[in-house]
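For reference, the structure is listed below as C-alpha coordinates.
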Amino acid sequence: MRILLILAHPDPNSLNHAIAAAARRTLEENGHEVLFHDLHAERFDSLLPAGEIPRRATLPDDVARHCEEAALADGLVIVHPNWWGMPPAVLAGWVDRVMRPGTAYEFVGEDGGEGVPVGLLKADRAIVFNTSNTEANREDTVFGDPLERIWKDCVFGLCGIQHVTRHVFRIVCTSTPEERRAWLDDAARIVAETFPPEA
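Here you go:
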(Lines of atoms letter the chains of each structure in order from A and count residues from 1; the text may use other names and numbers.)
(Lines give C-alpha, C1' and ligand atoms only; values in the text may rest on other atoms or scores of the structure.)
Protein backbone atom coordinates (compact mmCIF):
# COMPACT_ATOMS: atom_id res chain seq x y z
CA MET A 1 0.00 0.00 0.00
CA ARG A 2 1.00 3.60 -0.54
CA ILE A 3 0.63 5.60 2.69
CA LEU A 4 0.84 9.38 2.93
CA LEU A 5 2.40 10.44 6.25
CA ILE A 6 2.12 14.13 7.18
CA LEU A 7 3.94 15.64 10.18
CA ALA A 8 3.24 19.15 11.48
CA HIS A 9 5.46 20.23 14.38
CA PRO A 10 8.29 22.80 14.27
CA ASP A 11 10.63 21.09 16.78
CA PRO A 12 12.61 18.15 15.38
CA ASN A 13 13.13 16.92 18.96
CA SER A 14 9.39 16.81 19.67
CA LEU A 15 7.30 13.82 20.62
CA ASN A 16 5.42 14.40 17.36
CA HIS A 17 8.59 13.74 15.38
CA ALA A 18 9.21 10.56 17.37
CA ILE A 19 5.63 9.41 16.74
CA ALA A 20 5.99 10.07 13.01
CA ALA A 21 9.29 8.16 12.96
CA ALA A 22 7.68 5.19 14.74
CA ALA A 23 4.78 5.26 12.28
CA ARG A 24 7.10 5.44 9.28
CA ARG A 25 9.31 2.63 10.57
CA THR A 26 6.30 0.38 11.19
CA LEU A 27 4.80 1.07 7.77
CA GLU A 28 8.08 0.32 6.03
CA GLU A 29 8.61 -2.85 8.09
CA ASN A 30 5.14 -3.96 6.96
CA GLY A 31 6.17 -3.49 3.34
CA HIS A 32 4.27 -0.28 2.56
CA GLU A 33 5.51 2.60 0.45
CA VAL A 34 5.62 5.74 2.60
CA LEU A 35 5.22 9.23 1.15
CA PHE A 36 6.51 11.35 4.04
CA HIS A 37 6.30 15.11 4.45
CA ASP A 38 7.56 17.13 7.40
CA LEU A 39 5.68 20.32 6.56
CA HIS A 40 7.86 22.60 8.70
CA ALA A 41 11.14 21.15 7.45
CA GLU A 42 9.91 21.51 3.87
CA ARG A 43 8.70 25.05 4.60
CA PHE A 44 5.32 24.26 3.10
CA ASP A 45 3.56 27.56 2.36
CA SER A 46 0.28 27.47 4.30
CA LEU A 47 -1.24 30.53 2.61
CA LEU A 48 -3.89 29.74 0.01
CA PRO A 49 -3.60 32.31 -2.80
CA ALA A 50 -6.81 33.50 -4.43
CA GLY A 51 -5.58 32.13 -7.75
CA GLU A 52 -5.65 28.56 -6.41
CA ILE A 53 -9.30 28.64 -5.36
CA PRO A 54 -10.84 27.79 -8.77
CA ARG A 55 -11.19 24.07 -9.37
CA ARG A 56 -9.02 24.06 -12.49
CA ALA A 57 -6.37 26.45 -11.18
CA THR A 58 -2.76 25.93 -12.16
CA LEU A 59 -0.94 24.85 -9.01
CA PRO A 60 2.69 25.30 -7.97
CA ASP A 61 4.73 22.14 -8.48
CA ASP A 62 5.00 21.29 -4.78
CA VAL A 63 1.26 21.70 -4.16
CA ALA A 64 0.44 19.69 -7.29
CA ARG A 65 2.72 16.91 -6.01
CA HIS A 66 0.97 16.89 -2.63
CA CYS A 67 -2.42 16.73 -4.37
CA GLU A 68 -1.31 13.82 -6.56
CA GLU A 69 0.07 11.92 -3.57
CA ALA A 70 -3.11 12.50 -1.55
CA ALA A 71 -5.27 11.31 -4.45
CA LEU A 72 -3.22 8.14 -5.02
CA ALA A 73 -2.63 7.19 -1.37
CA ASP A 74 -4.23 4.02 -0.03
CA GLY A 75 -4.13 5.46 3.50
CA LEU A 76 -3.11 8.55 5.45
CA VAL A 77 -1.36 9.15 8.76
CA ILE A 78 -1.42 12.67 10.21
CA VAL A 79 0.71 13.65 13.24
CA HIS A 80 0.29 16.99 14.99
CA PRO A 81 -0.16 18.68 18.36
CA ASN A 82 -3.44 20.06 19.65
CA TRP A 83 -2.93 23.83 19.58
CA TRP A 84 -6.02 25.81 20.66
CA GLY A 85 -8.22 22.89 19.63
CA MET A 86 -6.86 23.16 16.09
CA PRO A 87 -4.06 21.76 13.95
CA PRO A 88 -1.00 24.01 13.59
CA ALA A 89 -1.38 26.70 10.93
CA VAL A 90 0.93 24.93 8.49
CA LEU A 91 -1.31 21.84 8.57
CA ALA A 92 -4.52 23.85 8.30
CA GLY A 93 -2.97 25.50 5.24
CA TRP A 94 -2.02 22.10 3.84
CA VAL A 95 -5.67 21.06 4.12
CA ASP A 96 -6.73 24.31 2.43
CA ARG A 97 -4.38 23.82 -0.51
CA VAL A 98 -4.35 20.03 -0.93
CA MET A 99 -7.81 18.82 0.06
CA ARG A 100 -9.26 20.68 -2.88
CA PRO A 101 -12.11 20.11 -5.34
CA GLY A 102 -11.15 17.70 -8.05
CA THR A 103 -8.58 16.09 -5.77
CA ALA A 104 -10.32 15.27 -2.49
CA TYR A 105 -13.99 15.96 -3.19
CA GLU A 106 -16.42 17.05 -5.89
CA PHE A 107 -19.88 18.51 -6.15
CA VAL A 108 -21.92 16.55 -8.68
CA GLY A 109 -24.92 17.07 -10.89
CA GLU A 110 -26.68 20.39 -10.39
CA ASP A 111 -24.88 21.00 -7.09
CA GLY A 112 -22.96 24.24 -7.50
CA GLY A 113 -21.26 23.99 -4.14
CA GLU A 114 -24.21 24.49 -1.80
CA GLY A 115 -24.73 20.82 -0.98
CA VAL A 116 -22.73 17.92 0.36
CA PRO A 117 -19.71 16.92 -1.74
CA VAL A 118 -18.79 13.44 -2.87
CA GLY A 119 -15.42 12.25 -1.56
CA LEU A 120 -12.79 11.44 -4.16
CA LEU A 121 -9.87 10.17 -2.13
CA LYS A 122 -8.85 6.59 -2.89
CA ALA A 123 -7.83 5.93 0.73
CA ASP A 124 -10.36 4.09 2.85
CA ARG A 125 -8.66 4.62 6.23
CA ALA A 126 -6.63 7.19 8.09
CA ILE A 127 -4.93 7.65 11.44
CA VAL A 128 -4.58 10.95 13.28
CA PHE A 129 -2.10 11.08 16.16
CA ASN A 130 -2.38 14.11 18.43
CA THR A 131 -0.37 15.26 21.43
CA SER A 132 -2.05 17.30 24.13
CA ASN A 133 -1.62 18.88 27.54
CA THR A 134 -5.38 18.89 28.20
CA GLU A 135 -6.94 16.19 30.38
CA ALA A 136 -9.34 13.99 28.42
CA ASN A 137 -12.48 14.75 30.44
CA ARG A 138 -11.90 18.49 30.17
CA GLU A 139 -11.28 18.18 26.42
CA ASP A 140 -14.61 16.37 25.99
CA THR A 141 -16.85 18.29 28.38
CA VAL A 142 -15.50 21.83 28.15
CA PHE A 143 -14.22 22.01 24.58
CA GLY A 144 -16.19 19.24 22.85
CA ASP A 145 -13.03 17.67 21.38
CA PRO A 146 -12.92 19.87 18.25
CA LEU A 147 -10.12 17.87 16.61
CA GLU A 148 -12.36 14.81 16.55
CA ARG A 149 -14.96 16.74 14.56
CA ILE A 150 -12.41 18.47 12.33
CA TRP A 151 -10.72 15.28 11.15
CA LYS A 152 -13.53 12.72 11.16
CA ASP A 153 -16.42 14.87 9.96
CA CYS A 154 -15.10 18.06 8.39
CA VAL A 155 -12.09 16.72 6.47
CA PHE A 156 -11.87 12.96 5.99
CA GLY A 157 -15.60 12.28 6.11
CA LEU A 158 -16.27 14.76 3.31
CA CYS A 159 -13.32 13.48 1.29
CA GLY A 160 -14.48 9.85 1.32
CA ILE A 161 -12.41 8.32 4.14
CA GLN A 162 -14.87 6.61 6.44
CA HIS A 163 -12.52 4.68 8.73
CA VAL A 164 -10.62 7.18 10.87
CA THR A 165 -8.64 6.21 13.96
CA ARG A 166 -7.64 9.09 16.20
CA HIS A 167 -5.40 8.63 19.21
CA VAL A 168 -4.31 11.33 21.67
CA PHE A 169 -1.14 11.12 23.76
CA ARG A 170 -1.50 13.11 26.97
CA ILE A 171 -0.38 14.81 29.22
CA VAL A 172 2.86 15.53 27.35
CA CYS A 173 4.30 18.32 29.50
CA THR A 174 4.48 16.12 32.61
CA SER A 175 5.23 12.82 30.89
CA THR A 176 8.17 10.63 31.82
CA PRO A 177 10.62 8.99 29.40
CA GLU A 178 8.98 5.66 30.23
CA GLU A 179 5.54 7.00 29.33
CA ARG A 180 6.85 8.37 26.05
CA ARG A 181 8.45 5.06 25.14
CA ALA A 182 5.14 3.34 25.85
CA TRP A 183 3.33 5.90 23.71
CA LEU A 184 5.67 5.20 20.80
CA ASP A 185 4.92 1.49 21.18
CA ASP A 186 1.20 2.36 21.14
CA ALA A 187 1.65 4.40 17.95
CA ALA A 188 3.49 1.54 16.25
CA ARG A 189 0.80 -0.94 17.32
CA ILE A 190 -2.04 1.26 16.01
CA VAL A 191 -0.25 1.71 12.69
CA ALA A 192 0.40 -2.02 12.37
CA GLU A 193 -3.24 -2.85 13.15
CA THR A 194 -4.55 -0.27 10.67
CA PHE A 195 -2.05 -1.03 7.91
CA PRO A 196 -0.97 -4.66 8.41
CA PRO A 197 1.53 -6.37 6.13
CA GLU A 198 0.11 -7.15 2.71
CA ALA A 199 -0.54 -10.80 2.02
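Heads up: the sequence shown runs through residues 1 to 199, numbered per UniProt numbering. For every residue, glycine included, the Cβ atom is placed at its ideal position computed from N, Cα and C.
Would you say residue i and residue j are within 8 Å of each other, going by their C-beta atoms?
i	j	result
Gly160	Gly109	no
Val128	Ile78	yes
Ala104	Ala70	yes
Ile6	Leu39	yes
Ala64	Ile3	no
Asn133	His80	no
Phe143	Met1	no
Pro177	Gly85	no
Ala8	Val90	yes
Asp124	His163	yes
Do you know offhand how far residue i's Cα is from residue j's?
i	j	result
Pro60	Pro49	11 Å
Arg24	Phe36	8 Å
Asp45	Asn137	35 Å
Gly115	Phe107	7 Å
Asn82	Thr58	32 Å
Asp186	Glu29	16 Å
Leu76	Arg180	23 Å
Pro101	Cys154	14 Å
Ser175	Pro87	21 Å
Ile53	Asp96	9 Å
Val14	Trp151	One point to set straight first is that residue 14 is Ser, not Val, in the sequence displayed. Looking at the two C-alpha atoms, the distance is approximately 22 Å.
Glu139	Val168	11 Å
Glu42	Val191	24 Å
Mind checking who residue i pairs with in its DSSP beta bridge?
i	result
Val164	Ala126
Ser175	Bridge partners of Ser175: none, in fact.
Pro101	Tyr105
Asp38	Leu7
Phe169	Thr131
Arg181	Bridge partners of Arg181: none, in fact.
Arg2	Glu33
Val79	Leu7, Phe129
May I ask you to report which of helix, strand or coil DSSP gives residue i?
i	result
Trp84	coil
Ile53	coil
Thr134	coil
Leu147	helix
Glu29	helix
Val191	helix
residue 204	Residue 204 is absent from the model: the chain starts at 1 and stops at 199.
Gly157	coil
Arg43	coil
Leu48	coil
Leu72	helix
Ala199	coil
Asn16	helix
How close, in whole Å, do the beta carbons of residue i and residue j come, if the pair is a contact with beta carbons under 8 Å?
i	j	result
Glu148	Arg166	6 Å
Leu47	Gly93	6 Å
Gly31	Glu198	6 Å
Ala188	Ala22	5 Å
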